[in-house]
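Counted from 1, the sequence shown has number 350 at position 6 by this note's numbering; the numbering is strictly sequential.
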Amino acid sequence: MKLDPFYLIVDSAASIERLVPLGVKLVQLRVKNTPDEVLRAHIRAARATCERHGCQLIINDYWRLAIDEGCDFVHLGQEDLAEADLEAIRRGGLRLGLSTHDHLELETALAAEPDYVALGPVYPTILKAMKWAPQGLDRIAEWKRRAGDTPLVAIGGLTVERIPGVFAQGADSAAVVTDITRNAEPEARTREWLAATAQWR
Numbered sequence: 345m346k347l348d349p350f351y352l353i354v355d356s357a358a359s360i361e362r363l364v365p366l367g368v369k370l371v372q373l374r375v376k377n378t379p380d381e382v383l384r385a386h387i388r389a390a391r392a393t394c395e396r397h398g399c400q401l402i403i404n405d406y407w408r409l410a411i412d413e414g415c416d417f418v419h420l421g422q423e424d425l426a427e428a429d430l431e432a433i434r435r436g437g438l439r440l441g442l443s444t445h446d447h448l449e450l451e452t453a454l455a456a457e458p459d460y461v462a463l464g465p466v467y468p469t470i471l472k473a474m475k476w477a478p479q480g481l482d483r484i485a486e487w488k489r490r491a492g493d494t495p496l497v498a499i500g501g502l503t504v505e506r507i508p509g510v511f512a513q514g515a516d517s518a519a520v521v522t523d524i525t526r527n528a529e530p531e532a533r534t535r536e537w538l539a540a541t542a543q544w545r
């Protein structure tokens, strides 16, 4: 499969409703520590927005709810992968993206035959505390060689200004969180990302 080069990650359906209509074609809904009924509402609203605008919606972690709500793509971290029922995910028609941070995690992820693997953090990130040092651009090239035909998503500390280096090393998509969500003008920054990734679309 081919991923859009601009992979937006947000924490609410409201952000999806705000930013997807600008032209976003790939978005992850990453909602943490939320009751199921609230999360369902986020998923339903996000799915409706994405369907209206031809955007691929990816649900973070909650694969059972993703199946229940008729979604078709889920992203799992390594801990979630260890506990997930991959057969149920595939039976549910979900495509699968997986996080990786080191060589062992990449081997584990590729054994699950995912639809993409993500490598991070490429640069220092303020999103969450991580035990892994920034991977750097060279690791992107190495991961792409190891992943082969499996699409590679770069994530962690990415900005518009860092996009060229990420794609030059072989990444198929660049995921962004805080460069947009913590920007004073997220709509304007989203438009900058769309313009900056257009040549790889």
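Built from N, CA and C at the ideal position, the CB exists for glycine as well. Every value quoted in this text rests on a predicted model; they were computed, and no experiment measured them.
Are the C-beta atoms of residue i and some chain C residue less than 8 Å apart?
i           : result
residue 368 : Looking at the structure shown, chain C is missing, and only one protein chain is on hand.
Where do the ends of the beta strand (DSSP E) carrying residue i lie?
i           : result
residue 419 : 417-420
residue 483 : No beta strand (DSSP E) holds residue 483; the alpha helix (DSSP H) holding it covers 481-491.
residue 519 : 517-520
Could you give the DSSP three-state label for residue i: helix, strand or coil?
i           : result
residue 370 : strand
residue 375 : coil
residue 359 : helix
residue 438 : coil
residue 409 : helix
residue 393 : helix
Can you tell me whether residue i is buried or exposed? The criterion is at least 16 other CB atoms within 10 Å of its CB, across all chains shown.
i           : result
residue 479 : buried
residue 468 : exposed
residue 498 : buried
residue 492 : exposed
residue 346 : exposed
By DSSP's criteria, residue i is part of a beta bridge. Which residues make up the other side?
i           : result
residue 462 : 443 and 497
residue 404 : 419
residue 350 : 518
Can you name the start and end residues of the alpha helix (DSSP H) that residue i belongs to?
i           : result
residue 399 : Per DSSP, residue 399 belongs to no alpha helix (DSSP H) and is neither H nor E.
residue 509 : 507-512
residue 534 : 530-541
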